[in-house]
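Undergrad: Structure in structure tokens, see below.
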Amino acid sequence: MQAILTITIPFFALVLCGYAAARRGLLPVDAVPGLNAYVLFFALPCMLFHFGASLPFAQLIDPVLIAIYAACALVIVGVTVALTWDRRADRAPRGVDLKNAAFGALVAAFPNTGFMGVPLLVALLGAPAAGPVIGTILVDLVLTSTLCIALAQSRHEAAARTPDRSVAGSVARSLRAALTNPLPWAIALGALAAAADVALPGPAATMVKLLADSATPVALFTIGAVLWRAGLHSRHRTPWRQIGPIVAIKLLLHPLLVLGAGLSARALGAPVPEFGLTVLVLAAALPSASNVSLLTERYGADNGRVARIIMVSTALAFVSFSLLACWLGAEIGAAGN
């Protein structure tokens, strides 16, 4: 446990530092979007490109692991919407309407794998952990986000009753938005570089490495700052009954579902590697992705509710994630040898 805390404490402490800096005014609120843009468009793509270029394609893209994670993400989205959607709220301004239920499902199913998960799991398990984690990023960016955003817009789009405003059109627009994210392209370029055995020229490689090395501390600091900024946009005090169940789904149900699905698939004869399943379970146990708050704000949903879910899940994940990592400690120890 001490070895795990030695790794997890600095990661969560950097998130707290970013939150405190924004709260104290040391980091102006207006600077947070720029900091987020630096991580999203520069540092994090370089880190993912580096991992993608350094791993064999079979380790980077494991169809069995991706299928397990994708199936569990769909289950989490369905369960969360079913538990939180108040159908009366679509006709009256109370309760959780479909749009907010959809974004609640996104924050329950989308762990913070990009900003936190890749560096944290690589620190815990070694460089091979990057492959399964990168697979989860692709699923969440392309499948989970597209589904939840389309679901959030579905009632409005259906009411428009025009071909370009259909539910199918909403899915297409959501998918196009996901594909404008630089992270999948960075992963793809890294995989292509590895497959073609092509290395960047010296100066370019040095620049990419410098940006990649900055990704972890700046991303973690940015998570805290984004959480503080998101809290400023809260429209009302969200009841705990709208927060607690989603936090429990994210931190408890999601990793247990992934574990159960992986063990069941293995029992049915699927080639589920033990190490890869361990990485998937720990990825699912991460707190909610901070960028969901930005998406919620962009689409006009209740950003205060989502921001509080992210804050609570981030605070509690320090304990829940560390305990789960300790429980899976035999595999972590084996990876370190």
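Everything in the sequence shown is counted per my numbering, starting at 1 for the first residue and increasing by one.
Yeah, the Cβ is synthetic: ideal placement off N, Cα and C, and Gly gets one too.
As the structure is a computational prediction, the values presented were derived from the model and not from experiment.
Classify Gln153 as buried or exposed, calling it buried when 16 or more other Cβ atoms lie within 10 Å of its own Cβ.
TA: Along the sequence shown, read from residue 1 onward, the residue named residue 153 stands at position 153. Buried, since its Cβ has 16 or more Cβ neighbours within 10 Å.
Undergrad: Rounded to the nearest angstrom, how far is the Cβ of Val107 from that of Ile246, given a contact under 8 Å?
TA: Walking along the sequence shown from the start, residue 107 turns up at place 107. Walking along the sequence shown from the start, residue 246 turns up at place 246. Yes, Val107 and Ile246 are in contact; Cβ-Cβ is about 7 Å, under 8 Å.
Undergrad: Taking the straight line between their C-alpha atoms, what separation do you get for Ile4 and Val281?
TA: For the purposes of this step, residue 4 is identified with residue 4 of the sequence shown, where counting begins at 1. For the purposes of this step, residue 281 is identified with residue 281 of the sequence shown, where counting begins at 1. Those two C-alpha atoms are separated by around 16 Å.
Undergrad: At a cut of 8 Å, does the region 123-130 reach the region 140-151 through at least three beta carbon pairs?
TA: With the cut-off at 8 Å, the region 123-130 and the region 140-151 do not touch.
Undergrad: Can you have a look at Met1 and say buried or exposed, based on whether 16 or more other CB atoms are within 10 angstroms of its CB?
TA: Along the sequence shown, one-based indexing puts residue 1 at 1. With fewer than 16 Cβ atoms within 10 Å of its Cβ, Met1 is classed as exposed.
Undergrad: Among residues of its own chain, excluding the 5 on either side of Val292, which ones have a beta-carbon nearer than 8 Å to its beta-carbon?
TA: For the purposes of this step, residue 292 is taken as the residue at position 292 of the sequence shown. Answer for Val292: Phe103, Leu106, Val107, Phe110, Val306, Ile310, listed in chain order.
Undergrad: To which residues of the same chain is Val218 closer than 8 Å at the C-beta, ignoring the five residues directly before and after it?
TA: In the sequence shown, residue 218 corresponds to position 218, counting from 1. Leu35, Tyr38, Val39, Ala43.
Undergrad: Where does Pro10 fall in DSSP's three states?
TA: As a working mapping, residue 10 is identified with position 10 in the sequence shown. Residue state, collapsed to three classes: helix.
Undergrad: Determine contact between the region 189-196 and the region 24-31, defined as no fewer than three beta-carbon pairs at a distance below 8 Å.
TA: Touching, no.
Undergrad: So, using beta-carbon positions, are Ala204 and Gly52 closer together than 9 Å?
TA: As a working mapping, residue 204 is identified with position 204 in the sequence shown. As a working mapping, residue 52 is identified with position 52 in the sequence shown. No, the pair does not count as a contact, with Cβ atoms beyond the cut-off.
Undergrad: Looking only at C-alpha atoms, which of Leu253, Thr113, Arg241, Pro255 sits nearest to Gly135?
TA: For the purposes of this step, residue 135 is identified with residue 135 of the sequence shown, where counting begins at 1. Comparing Cα-Cα distances from Gly135 to each of Leu253, Thr113, Arg241, Pro255, the minimum goes to Thr113.
Undergrad: For a quick check, are the C-beta atoms of Gly231 and Leu16 less than 9 Å apart?
TA: If you number the sequence shown from 1, residue 231 lands on position 231. If you number the sequence shown from 1, residue 16 lands on position 16. No, these two residues do not count as a Cβ contact at 9 Å.
Undergrad: Compute the distance between the beta-carbons of Phe275 and Leu125, then report whether it is under 9 Å.
TA: Within the sequence shown, numbered from 1, the residue matching residue 275 stands at position 275. Within the sequence shown, numbered from 1, the residue matching residue 125 stands at position 125. Yes, the pair counts as a contact, with Cβ atoms nearer than the cut-off.
Undergrad: Exposed or buried, which one is Ile76 when buried takes at least 16 other CB atoms within 10 Å?
TA: Along the sequence shown, read from residue 1 onward, the residue named residue 76 stands at position 76. Burial call: buried.
Undergrad: Between the beta-carbon of Val272 and the beta-carbon of Ile61, is there less than 9 Å?
TA: The count along the sequence shown starts at 1 and reaches residue 272 at position 272. The count along the sequence shown starts at 1 and reaches residue 61 at position 61. No; because the gap between Cβ atoms is not below 9 Å, this pair is not in contact.
Undergrad: What does a CB cutoff of less than 6 Å around Pro119 pick up in its chain, not counting 5 residues either side in sequence?
TA: Locating residue 119 in the sequence shown gives position 119, counting from the first residue. Excluding residues within five positions, the ones whose Cβ falls inside 6 Å are Thr216.
Undergrad: Taking 9 Å as the threshold (C-beta atoms), are Cys46 and Lys209 in contact?
TA: Sequence index remark: in the sequence shown, residue 209 carries index 209 (1-based). Sequence index remark: in the sequence shown, residue 46 carries index 46 (1-based). Going by C-beta atoms, Lys209 is nearer than 9 Å to Cys46.
Undergrad: Anyone know if the C-beta pair for Val29 and Gln242 falls short of 9 Å?
TA: By 1-based counting over the sequence shown, the position of residue 29 is 29. By 1-based counting over the sequence shown, the position of residue 242 is 242. No, these two residues do not count as a Cβ contact at 9 Å.
Undergrad: Return the Cβ separation of Pro287 and Ser313 in integer angstroms, given the expectation that the two are a contact with Cβ distance under 8 Å.
TA: For the purposes of this step, residue 287 is taken as residue 287 along the sequence shown, with counting starting at 1. For the purposes of this step, residue 313 is taken as residue 313 along the sequence shown, with counting starting at 1. Indeed, because the Cβ distance is near 4 Å, the residues count as touching under 8 Å.
Undergrad: For Ala101, count neighbouring Cβ atoms within 10 angstroms of its own Cβ and tell me buried if that reaches 16, exposed if not.
TA: As a working note, residue 101 is residue 101 in the sequence shown. So Ala101 ends up on the buried side.
Undergrad: Taking only runs that begin and end inside the region 41-90, name each unbroken alpha helix (DSSP H) of 4 or more residues, in chain order.
TA: Runs of the alpha helix (DSSP H) inside the region 41-90: 44-54, 57-60, 63-84.
Undergrad: Does Ser288 come out as helix, strand or coil in the three-state DSSP assignment?
TA: If you number the sequence shown from 1, residue 288 lands on position 288. Reduced to three states, the DSSP call for Ser288 is strand.
Undergrad: Going by DSSP in three states, Pro201 sits in which element: helix, strand or coil?
TA: The count along the sequence shown starts at 1 and reaches residue 201 at position 201. Three-state DSSP puts Pro201 in coil, outside helix and strand.
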